[in-house]
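What follows is a set of notes on a single structure, which appears directly below.
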Amino acid sequence: MSRFSDFESVAQPGVRALTPYLPGKPLSELEREFGITDAVKLASNENPLGFSPQALAAVERAARDLARYPDGGCFELKAALARRLGVAAEQITLGNGSNDVLELIARAFAGSGDEVIFSEHAFAVYPIAAQAVGATGVSVPAKDWGHDLAAMAAAIGPRTRLIFIANPNNPTGTWLKSDELQAFIEQVPERIPVVVDEAYFEYARYPAMGAADYPDALAWVERYPNLIVTRTFSKAYGLAGLRLGYSVSHRAIAGLLNRVRQPFNVNTLAQVAALAVLEDADYLQRGVQLNAAGMQQLTRGFEALGLPYIPSIGNFVCVEVGRSGVEVYNALLREGVIVRPVANYGMPRHLRVSIGLEPENARFLTALGKVLAAC
Ligand SMILES: *Cc1c(COP(=O)(O)O)cnc(C)c1O
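Under our numbering, think of the first position of the sequence shown as 406, with each following residue one higher.
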């Protein structure tokens, strides 16, 4: 008897049309495939400083109590974040990475027949989150690799239920200035939530990055009840492996997100590590400083190689390699350097490189020079 296996045909149409998110290649995989032991990974915008020692100590202490469920309401962490950010704890929604929060927002506000607006070349999670709930993603053509806010405003229609904006954007590193972003939010109808994704906020705000006009959208949450700001502990705080992110919004929106989240969506170790790293001002400071210096090192290296790049205020930068990015990516793998091809973001001739430690950046630049000279 033949058993039914055509589950494609019975899946939700939105899910059927999805293409899975493509993560950066893990170091262990490269080492398995190529037998390389000293590979360098500059592919997932992780913090090159590694895990904060204070966070590690907190995780080790908490590990003894892992037979218990986490605090589902994240009482202490919410209180600490609320104090730090100058908002009420009731405005904060925590998630298993900010990715989780982005999905909660899509689930709360969009469904079949609805439209979700985002930019071309924007973070790949936005179209996935929209489609997974049956909504239609509306990708608005970019301008100079960044968000074209006038075109995004023009794309708003009666079916629009949600707008995603990444500031700065990943993978392009482009950013919106304070006045232009605020003017955009001002003209969005109040019934449509606008998500401003500030995953790289701490890097972008660092003065040496030179973006004095980069906004802190949190300052606008009181004024615009439909504004949702998301941030993460995965990047500047170095907790990518623990999965923790959050949003700050109007309480009414936080209340809705709280209804659709899993009761224990943030694990115990993430909660204690975040509390510890929030107190580790030195870790954050060293990270953003290192990032600014590494950005200079990489962009000077690109200039020396005669390669155009997209100016970025994140912890990554896109460089145009003048040929197939995937080919250069593969050649770099053989040199033991993992970067990120971005053809799936509509950028077939670019590579995205995360800022690493000084020797890691140097190793990448040497490998890139060698690979480009050979092809
Ligand atoms: C890395 C990133 C995130 C955060 O992901 P987490 O789920 O918090 O690890 C969110 N938005 C953008 C644009 C990112 O690049």
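Yeah, the Cβ is synthetic: ideal placement off N, Cα and C, and Gly gets one too.
Who are the Cβ neighbours of A679 in its own chain at under 6 Å, not counting the five residues just before and after it? If we look at A679 and ignore the five residues flanking it on each side, its Cβ neighbours are L482, F638, L649.
Taking only runs of the alpha helix (DSSP H) that begin and end inside the region 509-575, which ones reach a length of at least 4 residues, in chain order? For the region 509-575, the continuous alpha helix (DSSP H) assignments of 4+ residues that do not extend past its boundaries occur at 530-537, 554-559, in sequence order.
To the nearest angstrom, report how far apart E374 and G440 are at their CA atoms. Here the chain comprises residues numbered 406 to 780, so residue 374 is not present and cannot be evaluated.
So, do the region 606-615 and the region 711-721 have three or more beta carbon pairs nearer to each other than 8 Å? Flag = yes, the region 606-615 and the region 711-721 touch.
Could you give the distance in angstroms between the alpha-carbon of V543 and the alpha-carbon of Y750? Near 15 Å, if we compare the C-alpha coordinates of Y750 and V543.
Starting from T704, trace the beta strand (DSSP E) in both directions and tell me its first and last residue. DSSP places T704 outside any beta strand (DSSP E); the residue lies instead in the alpha helix (DSSP H), whose first and last residues are 686-710.
Segment contact, 8 Å Cβ cut-off, at least three pairs: the region 617-632 with the region 431-440: Three or more Cβ pairs closer than 8 Å define a contact, and the region 617-632 falls short of that threshold against the region 431-440.
Who does K446 pair with in a DSSP beta bridge? Paired residues: I743.
beta-carbon G578 near ligand 1 non-hydrogen atom, thresh 6 Å: False, no ligand heavy atom lies under 6 Å from that Cβ.
List, from N- to C-terminal side, the beta strand (DSSP E) runs of 3 residues or more that fit wholly inside the region 466-506. Qualifying beta strand (DSSP E) stretches, in chain order: 497-500.
Beta carbon of T635, beta carbon of V506: below 7 Å? Against a cut-off of 7 Å, the Cβ pair of V506 and T635 comes out as a contact.
Looking at the structure shown, is G419 part of a helix, part of a strand, or coil, going by DSSP? Helix at G419.
Do the region 603-610 and the region 532-541 touch if we need at least three Cβ pairs shorter than 8 Å? Not touching, per the Cβ criterion.
Please classify G711 as buried or exposed, where buried requires at least 16 other C-beta atoms within 10 Å of its C-beta. G711 should be labelled exposed.
Beta-carbon contacts of Q592 that lie in its chain and below 8 Å, excluding the five residues immediately before and after: Same-chain partners within the cutoff: A558.
By Cβ distance below 7 Å, which residues in the same chain neighbour A547 in space, the five residues on each side in sequence not counted? So the list reads S524, E525, H526, D553, once near-sequence residues are dropped.
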